[in-house]
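Going by my numbering, the residue at position 228 of the sequence shown is 817; the numbering climbs one at a time, nothing skipped. Positions of the beta carbon are idealized from the N, C-alpha and C atoms, including for glycine.
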Amino acid sequence: MRHEQTEILIIGAGPSGSVAAGLLRQQGRQVLVIEKEQFPRFSIGESLLPQSMEYIEAAGFLQDVVEAGFQYKNGAAFQRGEKQTQFDFRDKFSKGWGTTYQVQRADFDHVLAKAAEKAGAEVRYRHQVVTVNVDGERPQVTVLSPEGETYQVSARFLLDASGFGRILPRLLDLETPSAFPLRGAYFTHVQDNIPSGSFDRNKILISVHPEHVDVWFWTIPFSNGRCSQGVVARTEFLERYSGTETERLRAIIAETPTLAGLLKDAVWDTPARKLTGYAANVKSLWGPGYALLGNAGEFLDPVFSSGVTIAVKSASLATAAIAREFAGEKVDWQADYAEPLKGGVDAFRAFVESWYAGGFQDVIFHQDQSPEIRRMIAAILAGYAWDKQNPYVAEPRRLKTLEQLCAA
C-alpha cells in the first residue's frame with residue numbers, strides 16, 4: 590500500500606477545514622486536505638454571523654468572499670404572531686465586524702476551498718478516509734481514492750473538519766449523546782418573489798409558529814432573488830404531517846399567517862429535504878496528535894446560525910495551538926483549545942435553551958427593552974460569544990434573571 594507523509598492532514602474542506610488550511614499555510618506548514626465530496630456540493634447553514642468574518646480575514650480569504658457577490662447581511666429579524674423585532678448587528682456591545690453575508694453554502698464553501706488551494710494547500714476531492722490510527726508516533730489514516738486505490742497518509746497532526754460526517758468521533762468511538770431533545774428540519778430553496786419593500790433582505794428572518802413556541806422557521810434571502818426556507822421542530826411534531834417533505838413544509842408554513850403571506854407568490858421549484866437528530870456531542874475535542882473542529886465536535890442547533898462561526902473559531906484556536914506546539918512549546922489542549930472553545934459554545938447554548946423554552950423570546954419581544962441590554966444580546970446574536978466583557982457571555986445564567994424580569 591502506498592504511504593505518504595504530510596505535516597498537517599485535514600479531513601474535510603468545509604469552512605473549518607479551509608480556514609484552518611489558510612491559517613496553517615500562513616505558518617508555512619505543509620497541508621493536505623482530504624474531502625469526500627466533489628465541490629461545489631450542497632450544504633445547509635447559509636446565514637453567516639459577523640464574528641466569522643474575523644477568521645475568514647485572518648486566513649487571507651476576505652477578498653475572495655467579498656468578490657463572490659453574496660447577499661449582504663447586517664442583522665436578524667424576529668416575528669411571533671403580530672409581534673416583530675429586529676437587531677442591527679452594527680449596533681452591538683462587542684467590537685468587531687457588524688456585517689457579513691447570507692450565502693449559498695455550495696458556492697461559499699467552494700470559494701473558501703479554492704482560496705485554501707491558492708494559498709498552497711493541497712485539496713483532494715472525492716477521497717474518503719476509511720480508517721484512522723492514532724496509537725502510533727504519528728496519526729495515520731487510510732484513504733480510498735475515486736479510482737478505487739487505497740493508500741495511507743501519516744501526519745504530524747490531524748484535524749477533523751468533516752462536519753456532520755464526524756469521521757473521528759465515529760471511527761474512534763468519541764460520540765456521546767447530545768443533551769438537546771431530538772429535533773428535525775424540513776428545508777429547501779425557493780424563488781421567493783417577495784415584493785420589494787415588504788422584506789429586509791439584509792437580515793435573516795426567524796418566525797415562530799403561532800401555537801407552538803418551540804417550532805420556528807428560517808427565511809434566508811440570497812442575492813439572486815431566491816431564499817433558503819426551513820422549519821425546525823421536535824420530530825414528533827414533524828411526523829404529524831403527511832406527504833412529501835415539500836408538502837409537509839408548506840403545510841406547517843400555512844399555519845403561520847405572517848410567513849405564509851410573505852411567501853404567497855413563492856415558486857417551490859426545489860424538492861425539500863429532511864434532517865433529523867442533528868445535535869451532536871463528543872467525549873473529547875482532542876487526543877494524541879489530533880483535534881476536532883466545528884460540527885465534527887459539537888453541533889447545538891441552527892436557530893442562531895452559530896455553526897459556521899463555531900467552526901472557524903475552532904480552526905483559529907486549533908491552528909494557534911499547533912503553531913505553539915510546532916515551535917517546541919508545551920501545549921495543554923484541554924486548557925488552550927477545548928475549554929476556550931467550549932466557553933463560547935456554552936454561551937450560545939444558554940440562548941438556544943432559553944429560545945426553545947420561550948423565555949428568550951419573551952425577552953426580545955418585550956416592549957420596554959434596555960438599549961444597553963439589546964446591544965449585549967445583539968453581540969451574541971452576531972457571534973461574539975467569546976467576548977467575556979459581555980455580562981451575558983461571562984455569566985450566561987444572567988439570561989435567566991432577565992427572563993424573570995420580562996415575565997414579571
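Asked: Segment contact flag, the segment 637-657 with the segment 610-628, C-beta cutoff 8 Å, min 3 pairs; Found: yes
Asked: Cβ distance (whole Å) where Leu-882 is taken to contact Ala-900 below 8 Å; Found: 6 Å
Asked: Burial state of Asn-782, where buried means 16 or more other Cβ atoms lie within 10 Å; Found: exposed
Asked: Exposure label - His-716; buried when at least 16 CB within 10 Å; Found: buried
Asked: Beta carbon of Gly-752 nearer than 8 Å to that of Gly-866; Found: no
Asked: From Gly-814, Phe-769, Trp-805, residue whose alpha carbon lies closest to that of Val-892; Found: Trp-805
Asked: Limits of the alpha helix (DSSP H) - the one that Glu-825 falls within; Found: 824-827
Asked: Glu-984 classed as buried or exposed, judged by whether at least 16 other C-beta atoms fall within 10 angstroms; Found: exposed
Asked: Enclosing alpha helix (DSSP H) for Ala-609 [first to last residue]; Found: 604-615
Asked: Separation of Leu-852 from Asp-935, as counted between CA atoms; Found: 35 Å
Asked: Distance between Pro-784 and Asp-854 (C-alpha atoms, nearest Å); Found: 9 Å
Asked: Opening and closing residue of the alpha helix (DSSP H) in which Ala-900 lies; Found: 896-915
Asked: Segment contact, 8 Å Cβ cut-off, at least three pairs: the segment 703-717 with the segment 619-627; Found: yes
Asked: Coil, strand or helix - Ser-959 by DSSP; Found: coil
Asked: Among Lys-989, Ile-599, Phe-888, Thr-833, nearest to Thr-859 - alpha-carbon criterion; Found: Thr-833
Asked: Sequence-distant residues of its chain with Cβ nearer than 6 Å to Val-730 (five each side left out); Found: Val-718, Val-721, Val-742
Asked: Option nearest Leu-864 by Cα separation, candidates Asp-925, Tyr-775, Trp-807, Glu-828; Found: Tyr-775
Asked: Cα-Cα separation, His-778 to Ser-632; Found: 12 Å
Asked: Nearest residue (CA-CA) to Gly-661, options Thr-835, Gly-814, Arg-862; Found: Note on identity: in this sequence residue 661 is Tyr, with Gly being the wrong assignment. Closest by alpha carbon: Gly-814.
Asked: Per-residue DSSP class, three states only, for Phe-776; Found: strand
Asked: Length at least 3, wholly inside the segment 698-753: the beta strand (DSSP E) runs in chain order; Found: 711-714, 717-722, 729-733, 739-749
Asked: For Arg-694, the three-state DSSP class (helix, strand or coil); Found: helix
Asked: Distance CB(Phe-949)-CB(Ser-895) smaller than 8 Å; Found: no
Asked: Nearest residue (CA-CA) to Glu-593, options Ala-974, Leu-970, Ile-623; Found: Ile-623
Asked: Sufficient close CB pairs (3 or more, under 8 Å) joining the segment 669-687 to the segment 959-968; Found: yes
Asked: Range of the contiguous beta strand (DSSP E) that encloses Phe-667; Found: 664-669
Asked: Ala-665 beta carbon less than 8 Å from that of Gln-675; Found: yes
Asked: From Phe-788, Ser-812, Ala-907, Pro-770, residue whose alpha carbon lies closest to that of Val-821; Found: Pro-770
Asked: Phe-667 and Val-692 closer than 8 Å at C-beta; Found: no
Asked: DSSP state of Trp-857 mapped onto helix, strand, coil; Found: coil
Asked: Identified DSSP bridge partners for His-801; Found: Looking at the DSSP assignment, His-801 forms no beta bridge with any residue, so it has no partner.
Asked: Coarse secondary structure for Val-880, derived from DSSP in three states; Found: Here residue 880 is Ala; the residue named in the question, Val, does not match the sequence. In the structure shown, Ala-880 sits in a strand (DSSP, three-state: E or B).
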